[in-house]
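2 protein chains.
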Amino acid sequence: MEDRIPVPPPHPAHDVTEHVGYRLKRASAALRGAMDKALREHGLTVPQYSCLELLDAQPGLSNADLARGTFVTRQSANVVLRGLKEAGLITRPASADHGRVLPVHLTPAGQERLHAARTAVYALEKRMVEAVPERRLTALLTDLDAMTEALGG
Amino acid sequence: MEDRIPVPPPHPAHDVTEHVGYRLKRASAALRGAMDKALREHGLTVPQYSCLELLDAQPGLSNADLARGTFVTRQSANVVLRGLKEAGLITRPASADHGRVLPVHLTPAGQERLHAARTAVYALEKRMVEAVPERRLTALLTDLDAMTEALGG
DNA sequence: CGCCCTATGTCAAAATGCTGACATGGAAGA
DNA sequence: TCTTCCATGTCAGCATTTTGACATAGGGCG
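Residue numbers (this note's numbering), protein chains in the order written: chain A, 37 to 189; chain B, 37 to 189.
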């Protein structure tokens, strides 16, 4: 008699694979995998590419900025930056002249590498975008953002 | 008149943060973070919880099945299963009686733990779902799946 | 000026995940 | 039947990421 349950109100589906979260994770995993494969041919990892893109759009970002922008911890971003610096794709002052922030910039080699990799990544983006009806694209972005905010950033 | 545009072929947007991929990753990261926090109070990690959910819906899944279902490699899934077994939440035969597959099952303790954690996770799902207009929910799921398939699984 | 509070960069350790490789069991096809 | 091919489970090594902690720089405010 313990199955006197009135109703599972907030539980629309009974199979996890029907949940929004599951679909979201699956799509994200597919993107990650595809990017990983595409970027490997350019000698870049996904976090590395992400950093280059952010730096191209906003030169001088700090390590902490990049961490937030790539959704990882400061420590992880730091490791990525070391790799990029060792590869000669970015520059980073050894010491800060003003505050404590060490502004990061792309080198010409970094620009070049980014542009090459970007072509491959944008092709993936194109495949994704074309998979959804054009009139729904805006709504999709809106809803993704809404979900993000509902979860607290 | 402007829809006469041949098309801005591969580069629709100029800021990465406008791209679908970025929004997708951000939403996924937000979900991951929220789940991580919620599950910690129940002594579970996200991969562990994912396995429990899959096993609850489909008892007897193999390690490889769970790996595919949680979007990680067989090796990673194996580590997760060891943790779950050590915690007494699942059972797994030491040797296969039929093929090579070792079917995994939830223990009563596993069921219990899952049910407790599920409440917390479903609350998150609810927040997400309610953030998007109800009439668009189905479309959202459809589009997420379409993007997944466009990227090759 | 001096105090608190936040943010940043970094170190160390542990956890987590992946690549590469191998042996084995089953299934499909010659 | 036998042989080839694929999937599974697992080991080892490496890469990545996170947690936790710490010192320091700056802004806000008494």
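Backbone N, C-alpha and C define an ideal beta-carbon position, used for all residues, glycine too.
Do you know offhand how far A:Pro169's Cα is from B:Val82's? 32 Å
Identify each residue in the region 60–74 of chain B for which the Cβ-Cβ distance to at least one residue of chain A is less than 7 Å, and report them in chain order.
Leu60, Lys61, Arg62, Ala63, Ser64, Ala65, Ala66, Leu67, Ala70
Quiz item: Which runs of the alpha helix (DSSP H) fall wholly inside the region 148–186 of chain A and span at least 4 residues, in chain order?
Solution: 173–186
Between A:Leu120 and chain B, is the shortest Cβ-Cβ distance under 8 Å, so that the two count as touching? no
Does the contact criterion of 3 or more C-beta pairs under 8 Å hold for the region 49–68 of chain A versus the region 58–66 of chain B?
yes
ask   = What is the DSSP secondary structure of A:Leu80, reduced to helix, strand or coil?
value = coil
**Q.** Coarse secondary structure for A:Leu138, derived from DSSP in three states
**A.** coil
| task | Round the Cβ separation of A:Leu102 and A:Val56 to the nearest angstrom and send it over; I've been treating them as touching at under 8 Å. | result | The pair is not a contact, with the Cβ atoms about 29 Å apart (cut-off 8 Å).
Taking Cβ-Cβ distances shorter than 7 Å, what residues in chain A pair up with B:Val189? Going by the sequence as given, residue 189 of chain B is Gly instead of Val. Under the 7 Å cutoff, chain A gives Ala66.
- Message: 8 Å is my cut-off, CB to CB: does A:Glu185 come that close to chain B?
- Response: yes
- Message: Across the region 173–181 of chain B and the region 166–180 of chain A, are there enough close Cβ pairs to call them in contact, namely three or more that are closer than 8 Å?
- Response: yes
Exercise. From the beta carbon of A:Glu148, is the nearest beta carbon of chain B less than 8 Å away?
Worked result: no
Contact list for A:Gly160 against chain B, beta-carbon separation under 8 Å:
The amino acid at residue 160 of chain A is misidentified as Gly; the sequence shows Leu. Neighbours of A:Leu160 on chain B, chain order: Gly57, Leu187.
Anyone know if the C-beta pair for B:Leu125 and B:Arg149 falls short of 8 Å?
-> yes
Judging by CA-CA distance, which residue of B:Ala123, B:Ala156, B:Ala159, B:Ser131 is the nearest neighbour of B:Pro144?
B:Ala123
The region 96–126 of chain B: positions lying closer than 7 Å to chain A by Cβ | Phe107
Exercise for the section: Note down the Cα distance separating B:Ala93 from B:Cys87, rounded to an integer number of angstroms. Expected result: 10 Å
Extent of the continuous alpha helix (DSSP H) to which B:Val116 belongs: 110–122
Original post:
Can you list the residues of chain A that B:Glu89 reaches, using a CB-CB cut of under 8 Å?
Top reply: Val52
- prompt: Can you tell which of B:Arg128, B:Asp133, B:Glu89, B:His78 has the C-alpha that lies nearest to the C-alpha of B:Asn99?
  reply: B:Arg128
Just how far apart, CA to CA, sit A:Arg136 and A:Arg118? 18 Å
| field | Chain-ordered chain B contacts of A:Val168 [CB-CB under 7 Å] | value | Asp179, Ala182, Met183
Quiz item: What are the residues that DSSP puts in a beta bridge with B:Thr127?
Solution: B:His141
Is the separation between the beta-carbon of A:Val116 and that of A:Gln84 shorter than 8 Å?
yes
**Prompt:** So A:Met71 packs on B:Ala186, CB below 8 Å; how close in whole Å?
**Reply:** Their Cβ separation, rounded to whole angstroms, is 13 Å, which puts A:Met71 and B:Ala186 out of contact at 8 Å.
**Q.** B:Ser64 - DSSP class collapsed to helix/strand/coil
**A.** helix
Note to self: I need the boundaries of the alpha helix (DSSP H) containing B:Leu29, first residue and last residue.
What the structure shows: Only positions 37 to 189 of chain B appear in the structure, and residue 29 of chain B is not among them; the question remains open.
Just the C-alpha distance for A:Val157 and A:Thr106, rounded to the nearest angstrom, thanks. 16 Å
DSSP state of A:Gly69, grouped into three classes? helix
For A:Leu176, decide whether its Cβ has a neighbour in chain B, counting only Cβ atoms nearer than 8 Å.
-> yes
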